[in-house]
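Working notes, structure below.
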Amino acid sequence: MICPILKRHVLFICGYCVEYFTNVFIIKSVKTCFGGNRTMKIFAYGIRQDEQAALREWESNHPEVEVDFTDKLLDPETAKLAKGADAVDVYQQLSYTPETLTALHELGINKMSLRNVGTDNIDFDTARRFDFSISNVAVYSPNAIAEHAAIQGARVLRQTKPLDNKIANHDLRWAPTIGREVRMQTFGIIGTGHIGRVLINILKGFGAKIVAYDVYRNPELEAEGIYVDTLDELYAQADVISLHVPSLPENYHMINAESIAKMKDDVVLINVSRGDLMDIDAIVDGLDSGKIFGLAMDVYEKEVGLFNSDWSDKEFPDAKIADLIARENVLVTPHTAFYTTKAVYEMVTQSMDASLAFIKGEETPNEVKY
Ligand SMILES: NC(=O)c1ccc[n+]([C@@H]2O[C@H](COP(=O)([O-])OP(=O)(O)OC[C@H]3O[C@@H](n4cnc5c(N)ncnc54)[C@H](O)[C@@H]3O)[C@@H](O)[C@H]2O)c1
Numbered sequence: 002m003i004c005p006i007l008k009r010h011v012l013f014i015c016g017y018c019v020e021y022f023t024n025v026f027i028i029k030s031v032k033t034c035f036g037g038n039r040t041m042k043i044f045a046y047g048i049r050q051d052e053q054a055a056l057r058e059w060e061s062n063h064p065e066v067e068v069d070f071t072d073k074l075l076d077p078e079t080a081k082l083a084k085g086a087d088a089v090d091v092y093q094q095l096s097y098t099p100e101t102l103t104a105l106h107e108l109g110i111n112k113m114s115l116r117n118v119g120t121d122n123i124d125f126d127t128a129r130r131f132d133f134s135i136s137n138v139a140v141y142s143p144n145a146i147a148e149h150a151a152i153q154g155a156r157v158l159r160q161t162k163p164l165d166n167k168i169a170n171h172d173l174r175w176a177p178t179i180g181r182e183v184r185m186q187t188f189g190i191i192g193t194g195h196i197g198r199v200l201i202n203i204l205k206g207f208g209a210k211i212v213a214y215d216v217y218r219n220p221e222l223e224a225e226g227i228y229v230d231t232l233d234e235l236y237a238q239a240d241v242i243s244l245h246v247p248s249l250p251e252n253y254h255m256i257n258a259e260s261i262a263k264m265k266d267d268v269v270l271i272n273v274s275r276g277d278l279m280d281i282d283a284i285v286d287g288l289d290s291g292k293i294f295g296l297a298m299d300v301y302e303k304e305v306g307l308f309n310s311d312w313s314d315k316e317f318p319d320a321k322i323a324d325l326i327a328r329e330n331v332l333v334t335p336h337t338a339f340y341t342t343k344a345v346y347e348m349v350t351q352s353m354d355a356s357l358a359f360i361k362g363e364e365t366p367n368e369v370k371y
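Each residue of the sequence shown is one higher than the one before, starting from 2 at the first, in the numbering used here.
Here it is as structure tokens:
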């Protein structure tokens, strides 16, 4: 005969064992089978259709991480969607305001990985206050941008836009749409960082002559003897000038009426870097006077709110861009130089890797030190 107290204890211990067995073995096994062994969570904002495949691939390569996403941008309201996440992954021109960062902080989130380079839209004072770990993707595919510069520059030289227009109108005559060969040109590359260097290699393939200018010289290019000492020397020698420098106060409107006057007649200009590097009014004057043979531009000083929007059934809000797009010797692309499958893959993958490193307390080369 077992005493009632002992019986209660035996029953309690048996019950505990059953519960423990169920939790540890059965639920864990079921979770493992159905992908429920994900112990970390990353929530991604502003995910476009073209980013989804890379995101899914990253998730399947990381069974320990639950990935959820929205196409909405991160703001104080949508921050709530990240509830339960350990980190957020983002890409937007919309500012990361004190309110937005506070909303994440209130959810216990202080890890944020950007899929792009620019961090100027982050309120770093608030980020510092809440001890945010932040990463960006500084180098995703220099080739994407360099190729675009080479292709568009070659198109201007070969006059493909007027030729295509003629062909579309069933005018198949050659003249006067005669091309200039890339190999016959001297290219002036301003900025020999990641992108400028790739462009130089591409242009070498065409057989073009290169002169370059950078405030910090690359030793390998230095050994090749392609640097000139001043921008004025580059302006005097180059038939085509391509900009590959960042947007800095000292680089603001570096291409202006004064610098254009120092360039060769019939110069071709390429800007796939930042809109504010060029004084676009001075460029238009140069196009009107015939000093500038043609322009390839992927960036525009007032591009925010203009590029990556559909204007097909309404007027452009900006008469200058409408005029530039209409010109036969101007090629405008809406900041698409970066937009390749490879670059998008790298932006998604590198940012997610950085988020995971932050969660695990590991270092990432993409961390933004601020
Ligand atoms: N259109 C796009 O889709 C796209 C995508 C990525 C980057 N970008 C732009 O491309 C540009 C270059 O990017 P990167 O990755 O090659 O940068 P990077 O930092 O690797 O190289 C920039 C180089 O410019 C040099 N430099 C800075 N100011 C200079 C000046 N006044 N004169 C001469 N050299 C100067 C620096 O010393 C550096 O070597 C940046 O403006 C970036 O914003 C555009």
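Quick reminder that beta carbons are idealized off the backbone N, C-alpha and C, glycines included.
Small disclaimer: the values here were computed from a predicted structure and weren't measured.
Integer-rounded CB distance, given that residue j should sit under 8 Å from residue i
{"i": "residue 269", "j": "residue 157", "result": "5 Å"}
{"i": "residue 201", "j": "residue 213", "result": "7 Å"}
{"i": "residue 245", "j": "residue 191", "result": "6 Å"}
{"i": "residue 57", "j": "residue 92", "result": "Incorrect: roughly 17 Å between the Cβ atoms, too far for contact."}
{"i": "residue 372", "j": "residue 72", "result": "There is no way to answer for residue 372, as the model of the chain reaches only from 2 to 371."}
Beta carbon of residue i nearer than 9 Å to that of residue j
{"i": "residue 359", "j": "residue 61", "result": "no"}
{"i": "residue 345", "j": "residue 55", "result": "yes"}
{"i": "residue 352", "j": "residue 68", "result": "no"}
{"i": "residue 302", "j": "residue 279", "result": "yes"}
{"i": "residue 322", "j": "residue 273", "result": "no"}
{"i": "residue 199", "j": "residue 247", "result": "no"}
{"i": "residue 87", "j": "residue 110", "result": "yes"}
{"i": "residue 298", "j": "residue 332", "result": "yes"}
{"i": "residue 70", "j": "residue 53", "result": "yes"}
{"i": "residue 355", "j": "residue 146", "result": "no"}
{"i": "residue 194", "j": "residue 271", "result": "no"}
{"i": "residue 162", "j": "residue 329", "result": "yes"}
{"i": "residue 136", "j": "residue 349", "result": "no"}
{"i": "residue 151", "j": "residue 185", "result": "no"}
Classification of residue i by the beta-carbon crowding that lies within 10 angstroms, buried from 16 upward
{"i": "residue 149", "result": "buried"}
{"i": "residue 64", "result": "exposed"}
{"i": "residue 326", "result": "exposed"}
{"i": "residue 19", "result": "Unreliable positioning characterises residue 19 in this predicted model, as indicated by a pLDDT of 48, which lies under 50. The coordinate reading is nonetheless provided below. Exposed, by the Cβ-count rule."}
{"i": "residue 29", "result": "Caution is warranted here: a pLDDT of 39 is assigned to residue 29, below 50, making its placement in the model unreliable, and no coordinate value can be reported."}
{"i": "residue 130", "result": "exposed"}
{"i": "residue 189", "result": "buried"}
{"i": "residue 288", "result": "buried"}
{"i": "residue 367", "result": "buried"}
{"i": "residue 357", "result": "buried"}
{"i": "residue 66", "result": "buried"}
{"i": "residue 175", "result": "exposed"}
Inset, instruction - May I ask you to verify whether the region 307–316 touches the region 97–106, counting CB pairs closer than 8 Å and requiring at least 3? - result: no
Inset, instruction - Would you be able to state if there are at least three C-beta pairs under 8 Å between the region 120–131 and the region 74–92? - result: no
Inset, instruction - Report yes or no: do three or more beta-carbon pairs, one from the region 254–270 and one from the region 230–243, lie closer than 8 Å? - result: yes
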